[in-house]
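Residue numbers (the working numbering): -13 to 98.
Glycine included, each C-beta is placed from N, C-alpha and C at the ideal position.
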Amino acid sequence: MSKKETDNFFEKVYAVACLIPYGKVTSYGAIATYLGMPRSARMVGWAMSSSHSQEKEIPAHRVVNRNGILTGKHHFQGKNLMQQLLENEGIEVVDDKIQNFENVFWNPSEEL
DNA sequence: ACCATGACGTTTC
DNA sequence: CGAAACGCCATGG
């Protein structure tokens, strides 16, 4: 890692992820845009990959891509753990895709 | 410094 | 609708 394990950028990503309301989801691009880096959506996902190292538990299952598809489900333990977590929060998920995505979408730039 | 990789996003076919 | 190409940016070899 660099000077600090968690740069300010990472810290913000984790902070926003933890602020996602129960039963809601957001996209990597939305977080990146909120942080002022709309072109660094990949970095957000990359930060999530490191979220497992964070002491604080990051609800990464609430973060999906712009299409509402659970692209990162393979990074979780089980095969469909991510989907089950979302369904447990009342989010409809079919074939790794969130239904009524606009309805459950949470935009930090607007809500926060 | 260069190349390869990736939990993304948009455009094009 | 699905797959591929291109762009973007940070990290590692």
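CA nearest to the CA of residue i, picked from the options
i          : options        : result
residue 4  : 61, 30, 79, 42 : 42
residue 39 : 60, 69, 87, -4 : -4
residue 60 : 33, 96, 82     : 82
Check whether residue i and residue j have beta carbons under 7 Å apart
i           : j          : result
residue 9   : residue 75 : yes
residue 162 : residue 52 : Since the first residue shown for the chain is -13 and the last is 98, residue 162 is missing from the structure and cannot be characterised.
residue 92  : residue 6  : yes
residue 94  : residue 2  : yes
residue 58  : residue 87 : no
Residue environment, residue i, which counts as buried when at least 16 other CB atoms sit within 10 Å
i          : result
residue 13 : buried
residue 85 : exposed
Same chain, Cβ closer than 8 Å to residue i, neighbours up to 5 away in sequence not counted
i          : result
residue 28 : 14
residue 98 : 2, 5, 20
residue 72 : 11, 47, 48, 56, 79, 84
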